[in-house]
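For the sequence shown, the working numbering begins at 78 and goes up steadily by one.
Notes for the one structure printed next.
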Amino acid sequence: MIMQIKNKKQNFQNATRNLMKFLTFDEQKSTRRKVYSSLYAIIFGLLITSIIFYIRGVSQFSRESSRINFFSLISFIFKNGFSSSNTYLFLNYFIVFGFSGLGVAFAFKSGLFNIGASGQMLLPAVIFYSMLILARFRAGEEISFTILALGFLIFVIGGFFLGALVGILKSFFRIHEVITTIFFNWIVIYIAQWMFNSGHDSILLGSGVSTEFRDKFISNFSFGTAIYSIELSLTHNFIIFGVALFILLAIGTWFVLSKTMLGYKIKVLGLNKTNAKYIGLNEKFLSILVFGFSGSLCAIGGFFYIVINQNSINSLSNGPIAIAFESIAIALLALNAPLGVIFTSLFYSMLYTSAPVLQLQNGIQKVNVEFQTLITGLVLFMSALSVMFYKFKPFEWIYKQMHLLFNKKYWQSYIKYKQDKVHNSLYYQRQIYRHYLEHLKIKKQISKEKKQLENALFDKVLSTKNQNSKEILETYADIFKERSEFNLKVKALGFDNLQNFKQSHKLKKVNLKNQYHFDKNQLYQAAHKKLKLKGIFS
């Protein structure tokens with residue numbers, strides 16, 4: 078019985094130690110701090126947006142304003158984002174944002190800017206649907222598992238090819254990746270518009286085909302393909318597979334970057350390419366490899382968005398795929414941390430899943446399409462303050478304040494600090510007036526002599542016009558000597574005493590404050606050390 082109680086006590090202490098270690102201290106876990114930074118940015122961004130939503134709702138729907146509060150928007154987003162009726166839509170968005178965000182974050186981690194997620198999503202889709210059309214696979218026919226698996230492989234290879242091509246152009250031709258990826262986005266769009274254009278004979282169908290026959294393959298809305306349906310159970314299975322694959326790849330990417338030599342090389346490449354070159358890394362090969370892998374990840378996101386979600390290529394007339402550019406925001410919000418991408422992808426999936434319902438609500442919740450952009454914009458603004466959030470440790474702060482609140486020595490130190498501060502301030506107020514009067518007296522005393530000296534020195538400067546170089550040097554030496562002697566005389570009279578007294582007072586204030594904070598931290602560290610010895614912290 079006693080052993081069971083001891084075991085339970087030990088288990089409780091271990092659980093408490095592990096929980097507090099995860100929530101508070103352990104400064105070395107930079108990945109965890111990045112996850113926290115992302116979560117804080119999301120939380121504060123949602124809170125600010127909710128306040129704006131509340132103010133807008135009260136002013137626009139005054140009759141029903143009692144039905145909304147500061148947290149109405151947050152509750153609505155969570156309610157509809159995680160609704161059981163939207164489960165697979167939510168998971169599909171999670172996969173799309175997850176893979177594309179992970180791809181962009183991986184490239185950013187190595188110092189490469191992948192702005193081409195749209196092209197890397199679309200090019201494999203163009204190849205895949207071109208193969209379906211060439212095989213005369215008609216709209217309305219369900220795509221089998223084999224075709225989907227082949228399509229998935231095409232997306233992986235196609236994304237790697239386009240990404241690696243960007244890396245080759247950067248490594249061997251010195252073309253910046255931002256320019257290359259943006260150009261490729263539009264090149265792929267124009268290729269897709271040319272191949273899937275209902276306005277003229279398609280290269281995939283040949284000339285002279287009827288409109289009825291063409292509509293079975295090409296969208297009749299100018300640009301795009303017809304809709305190819307997929308069996309619902311097969312769609313769900315692929316979505317579950319995608320979620321599992323994304324989480325595994327996110328963890329695997331984190332492990333490679335954090336624990337392996339390859340990850341170290343990639344991070345060195347991102348920190349300083351010159352250093353990477355001098356320590357013997359193959360900069361060109363690494364750049365091509367990183368961009369290829371990044372392109373593959375973005376392409377997998379494109380597979381789940383274009384093939385699984387949309388069932389077709391559409392909206393080509395609007396330019397590059399808009400949702401692809403959210404990957405940049407997701408990566409930045411996650412501070413390029415692979416594990417952070419999981420959380421930011423969940424957040425964006427929740428927003429996109431709830432957005433259509435949010436816009437269609439009657440009365441209070443009805444908002445414009447732009448309101449969703451406001452949410453993401455504010456969250457990104459919060460993420461720009463990542464340095465602040467990186468040091469934001471609420472659990473440690475709460476524990477620290479609670480400990481100090483009930484510590485007798487802390488209150489003694491606090492009272493002493495306040496007393497010394499007041500005493501120093503009163504002494505300053507008494508002495509500053511006396512020093513000020515003395516300063517005015519000395520200033521008045523030397524003002525006449527100073528003016529005479531300046532006039533005399535000015536006359537000497539004018540006299541140098543008719544002197545040779547040696548005489549000029551002697552004159553300026555005399556000027557310097559007289560000026561120095563006057564400054565020493567002024568200093569001896571106590572002209573600088575006022576400024577010195579002010580500086581001394583300011584220094585005393587700083588020293589008192591530093592000593593107070595030092596004593597406070599010493600008390601906290603001593604308490605923390607005792608808790609570590611008891612097994613609560615490690």
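Note that the Cβ used here is the ideal one computed from N, Cα and C, for glycine as well.
Being a predicted model, the structure only gives us computed values, none of them experimental.
G175 is the residue among Y131, N163, G175 whose C-alpha sits nearest the C-alpha of F424. C-alpha of K477 to C-alpha of N591: approximately 18 Å in a straight line. It is roughly 11 Å from the alpha-carbon of W488 to the alpha-carbon of Y593.
Boundaries cannot be given for F190, as no alpha helix (DSSP H) includes it and DSSP labels it neither H nor E. Excluding the 5 residues flanking it on each side, D555 has same chain C-beta neighbours closer than 8 Å at K537, in chain order.
Secondary structure within the segment 323 to 376: not one fully enclosed beta strand (DSSP E) run of 3 or more consecutive residues is present. A straight-line Cα-Cα distance of about 20 Å links Y553 and E526. Residue range 254 to 272 is occupied by the alpha helix (DSSP H) that includes T258. Distance from the Cα of I307 is smallest, within the candidate group I385, I317, G319, for I385. Around I295, the same chain offers F273, S275, S279, T302, A303 as residues with beta carbons nearer than 7 Å, after the five sequence neighbours per side are excluded. Here the alpha carbon of V181 sits roughly 8 Å from the alpha carbon of C375.
Inclusion of N262 and G196 in the CB contact set at 8 Å is warranted, their separation being smaller than that value. In the structure shown, the three-state DSSP call for I295 is strand. Secondary structure at I220: strand, using DSSP grouped into helix, strand and coil. F572 carries a coil assignment under DSSP once its states are collapsed to helix, strand and coil. In its chain, beyond the 5 residues on either side, N501 have a beta carbon closer than 7 Å to the beta carbon of K585. Nearest in C-alpha terms to E562, of all of F167, N577, L530, Q544, is L530. Burial state of T164 is exposed, judged by a 10 Å Cβ sphere holding fewer than 16 other Cβ atoms.
When DSSP reads this structure, T450 sits in no beta bridge, so it has no partner. For K542, there is no enclosing alpha helix (DSSP H), as DSSP gives it neither H nor E.
Note that the C-beta distance between L179 and P415 is below 8 Å. Contact check for S404 and A194: beta-carbon distance about 5 Å, within the 8 Å limit, so the pair qualifies. Take the alpha-carbon of K495 and the one of I119: they are about 39 Å apart.
DSSP lists I220 as the beta-bridge partner residues of I307. DSSP places F380 in no alpha helix (DSSP H); its state is neither H nor E.
Assigned with DSSP and collapsed to three states, F148 falls in coil, not helix or strand.
Out of S371, N349, S160, I245, the CA that lies nearest to the CA of K361 is found in I245.
Listed in chain order, the non-local C-beta contacts of E219 below 7 Å within the same chain comprise S306, I307, E308, local neighbours out to five positions each way being set aside.
Taking all protein chains shown into account, Y267 has fewer than 16 neighbouring C-beta atoms within 10 Å of its C-beta and is therefore exposed.
Under the three-state reduction of DSSP output, F595 falls in the helix class. Within the same chain, L358, L363 come within 7 Å of K342 by CB-CB distance, once the 5 residues on both sides are set aside.
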